[in-house]
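J.: Line order of the protein sequences matches chains A and B. My numbering puts the first sequence at residues 1 to 88. My numbering puts the second sequence at residues 89 to 176. Built from N, CA and C at the ideal position, the CB exists for glycine as well.
2 protein chains.
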Amino acid sequence: MRARVEIHLKKGVADPEGENVLKALKLLGFSSVGGVRSIKVFEIDVAERTTAKTRGAIVEMCRKLLANPVIHDYRIKVEGGRASTPRR
Amino acid sequence: MRARVEIHLKKGVADPEGENVLKALKLLGFSSVGGVRSIKVFEIDVAERTTAKTRGAIVEMCRKLLANPVIHDYRIKVEGGRASTPRR
Chain A
1 MRARVEIHLK
11 KGVADPEGEN
21 VLKALKLLGF
31 SSVGGVRSIK
41 VFEIDVAERT
51 TAKTRGAIVE
61 MCRKLLANPV
71 IHDYRIKVEG
81 GRASTPRR
Chain B
89 MRARVEIHLK
99 KGVADPEGEN
109 VLKALKLLGF
119 SSVGGVRSIK
129 VFEIDVAERT
139 TAKTRGAIVE
149 MCRKLLANPV
159 IHDYRIKVEG
169 GRASTPRR
């Protein structure tokens with residue numbers, strides 16, 4: 001199955017990438033831009049048959065590698081499944 | 089309005105980040121993982137009133153800063169609007 005993990009910064013954590021994109025957009029003349037947030041997404045193919053097993057594997061991947069629990073929240077969506085609530 | 093831009097690599101373009109995440113996941117024992125693709129997302133607040141104007145501004149931002157037309161496709165979704173077809 002295919003899953004999609006969205007890794008975004010927790011509220012209150014500085015987002016230097018977003019801030020720099022905002023600065024660059026302003027410098028380019030986009031005066032209507034108010035804010036930019038950067039988010040990282042991984043699309044992962046997993047050889048599991050059920051949505052639950054796929055989600056379980058992805059949660060484990062987030063814990064062990066993809067997300068830093070101090071600064072990141074993540075959201076998992078298994079293809080054909082529903083988005084899970086953000087985990088902390 | 090708020091818009092979401094997904095910037096992903098075109099088909100056939102190497103994705104070193106995705107490849108390295110795949111390698112790391114395999115090394116950590118996730119043998120069921122078959123492939124990983126990395127995608128970048130920006131959430132952008134724009135002081136425009138209509139979906140069309142917001143989308144127009146975001147397309148211009150992608151052309152001028154966010155996406156590299158040689159290697160990237162992008163997909164814009166304006167909050168409350170529908171996702172546009174990927175642009176090349």
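Within 8 Å of any Cβ in chain B, is that where the Cβ of residue 21/A sits?
T.: So, interface residue.
J.: Give the straight-line distance between the Cα atoms of residue 36/A and residue 96/B, rounded to the nearest whole angstrom.
T.: Each residue's alpha carbon lies about 18 Å from the other.
J.: Name the residues in the segment 30 to 43 of chain A whose C-beta lies less than 8 Å from a C-beta of chain B; which are they?
T.: Flagged, chain order: 30, 32, 33, 34, 35, 36, 37, 38, 39, 40, 41, 42, 43.
J.: Residues of chain A with CB closer than 8 Å to the CB of residue 133/B, please, in chain order.
T.: The answer, in chain order, is 33, 34, 35, 36.
J.: What distance in whole Å lies between the Cβ atoms of residue 43/A and residue 191/B, which are believed to be in contact at a cut-off of 8 Å?
T.: The structure shown does not extend to residue 191/B, since chain B spans only 89 to 176, so no value can be given for it.
J.: Distance check for residue 93/B and residue 165/B, CA to CA, integer angstroms please.
T.: Cα-Cα distance, rounded: 6 Å.
J.: Decide if the segment 27 to 36 of chain A is in contact with the segment 131 to 142 of chain B; the criterion is three or more beta carbon pairs, one per stretch, under 8 Å apart.
T.: With a cut-off of 8 Å, the segment 131 to 142 of chain B and the segment 27 to 36 of chain A count as touching, because enough Cβ pairs lie within range.
J.: Between which two residues does the beta strand (DSSP E) carrying residue 40/A extend?
T.: Residues 33 to 46.
J.: Between residue 97/B and chain A, is there a C-beta pair that is closer than 8 Å?
T.: Chain A, which has no Cβ nearer than 8 Å to the Cβ of residue 97/B, makes this no.
J.: Quick check on DSSP: helix, strand or coil for residue 143/B?
T.: Three-state DSSP puts residue 143/B in a helix.
J.: So that I know if they touch, is there some Cβ in chain A lying closer than 8 Å to that of residue 167/B?
T.: Output row for residue 167/B: interface = no.
J.: Which residues mark the beginning and the end of the alpha helix (DSSP H) in which residue 112/B is found?
T.: Run containing residue 112/B: 104 to 115, per the alpha helix (DSSP H) assignment.
J.: Chain B partners of residue 64/A, CB-CB under 7 Å?
T.: 116, listed in chain order.
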